[in-house]
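Engineer: All residue numbers for the sequence shown refer to the numbering used here, where the first residue is 11 and numbers rise by one.
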Amino acid sequence: MRLSNLADYAVITMSAAANHCGGERISASELAEETGLPRPTVQKLVSKLTGAGLLRSLRGAHGGLQLARPAAAITVADIVEAVEGPIALTACVDARGECDHEAHCTMKPHWPIINDALRGALAEITLTQLRTKPAQRAHEKEVA
Numbered sequence: 011m012r013l014s015n016l017a018d019y020a021v022i023t024m025s026a027a028a029n030h031c032g033g034e035r036i037s038a039s040e041l042a043e044e045t046g047l048p049r050p051t052v053q054k055l056v057s058k059l060t061g062a063g064l065l066r067s068l069r070g071a072h073g074g075l076q077l078a079r080p081a082a083a084i085t086v087a088d089i090v091e092a093v094e095g096p097i098a099l100t101a102c103v104d105a106r107g108e109c110d111h112e113a114h115c116t117m118k119p120h121w122p123i124i125n126d127a128l129r130g131a132l133a134e135i136t137l138t139q140l141r142t143k144p145a146q147r148a149h150e151k152e153v154a
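1) Tell me the DSSP secondary structure of Gly130 in three-state form.
2) So for Ser67, helix, strand or coil by DSSP?
3) With which residues is Leu77 paired in a DSSP beta bridge?
4) Hey, quick one: how far does the alpha helix (DSSP H) through Glu160 stretch, first residue to last?
5) Buried or exposed: where does Ile84 fall if 16 or more other Cβ atoms within 10 Å of its Cβ makes it buried?
6) How about Glu94 and Ser25: are their beta carbons less than 8 Å apart?
7) For Thr116, count the other beta carbons within 10 Å of its own beta carbon; 16 or more makes it buried, fewer makes it exposed. Which is it?
8) So who's on the other strand from Ile124, going by DSSP bridges?
9) Between the alpha carbons of Ala82 and Val103, how many angstroms are there, rounded?
10) Is Thr138 helix, strand or coil by DSSP?
11) Measure the beta-carbon distance from Lys101 to Arg129 and round it to whole angstroms, keeping in mind my assumption that it falls under 8 Å.
12) Does Ala17 get closer than 8 Å to chain D when you measure Cβ to Cβ?
13) Assign Leu64 to one of two classes, buried (16 or more other C-beta atoms within 10 Å of its C-beta) or exposed (fewer than that).
Printed below as a string of structure tokens:
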């Protein structure tokens with residue numbers, strides 16, 4: 011399984027936005043410059059992420075973008091689903107999915123369990139964690 015570039019860029023964009031949480035606002039252009047992503051891509055992502063309730067757009071002289079919830083309450087699963095839709099590893103996990111082998115498939119009852127485990131793993135990673143360097147996170151786990 012591989013995330014699309016857009017989902018990857020959404021995580022990058024949200025991580026950058028999280029660096030400005032605490033009332034500070036940032037524009038889509040500033041996010042593009044900060045992340046090195048193309049401005050049209052960031053604008054498209056901002057639209058999707060705002061629509062999903064992960065970013066809030068404020069207009070006016072002191073307007074801009076900010077996280078719609080605290081960074082600790084936004085997960086990688088939230089971000090991926092905002093861009094890709096529900097996480098579904100196989101067609102039979104997707105409610106609309108159809109499979110030619112469904113009648114004889116012994117795996118169908120197991121795929122939802124596998125899918126839920128993957129989604130659960132992504133749901134355990136918050137934007138707050140992404141702002142911490144991996145080595146620091148490993149050290150914090152050892153101490154705890």
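Virtual Cβ for every residue (Gly too), placed ideally from N, Cα, C. Computed from a prediction, not measured in an experiment: that's the story for all the values here.
Structural biologist: According to the structure shown:
1) Your numbering for residue 130 matches position 120 in the sequence shown. Helix at Gly130.
2) On the sequence shown, position 57 is the one that residue 67 refers to. In the structure shown, Ser67 sits in a strand (DSSP, three-state: E or B).
3) Along the sequence shown, read from residue 1 onward, the residue named residue 77 stands at position 67. Leu65.
4) Since the first residue shown for the chain is 11 and the last is 154, residue 160 is missing from the structure and cannot be characterised.
5) One-based indexing of the sequence shown puts residue 84 at position 74. Label assigned to Ile84: buried.
6) As a working note, residue 94 is residue 84 in the sequence shown. As a working note, residue 25 is residue 15 in the sequence shown. With respect to the 8 Å criterion, Glu94 and Ser25 are not classified as neighbours on the basis of their beta carbons.
7) The residue labelled residue 116 in the question sits at position 106 within the sequence shown. By the neighbour-count criterion, in which 16 or more other beta carbons inside 10 Å mark a residue as buried, Thr116 falls on the exposed side.
8) Along the sequence shown, read from residue 1 onward, the residue named residue 124 stands at position 114. Note: Ile124 sits in no beta bridge, so no partner.
9) Within the sequence shown, residue 82 is the residue found at index 72, counting from 1. Within the sequence shown, residue 103 is the residue found at index 93, counting from 1. Their backbone Cα atoms lie some 28 Å apart in a straight line.
10) As a first step, residue 138 is located in the sequence shown; it is residue number 128 there, counting from the start. In the structure shown, Thr138 sits in a helix (DSSP, three-state: H, G or I).
11) In the sequence shown, residue 101 corresponds to position 91, counting from 1. In the sequence shown, residue 129 corresponds to position 119, counting from 1. According to the sequence provided, residue 101 is Ala. The question's Lys does not apply to it. Not confirmed; about 16 Å, so no contact.
12) This model lacks chain D altogether, as it is built from one protein chain only.
13) Here residue 64 refers to the residue found at position 54 of the sequence shown. Leu64 is buried by the Cβ-count criterion.
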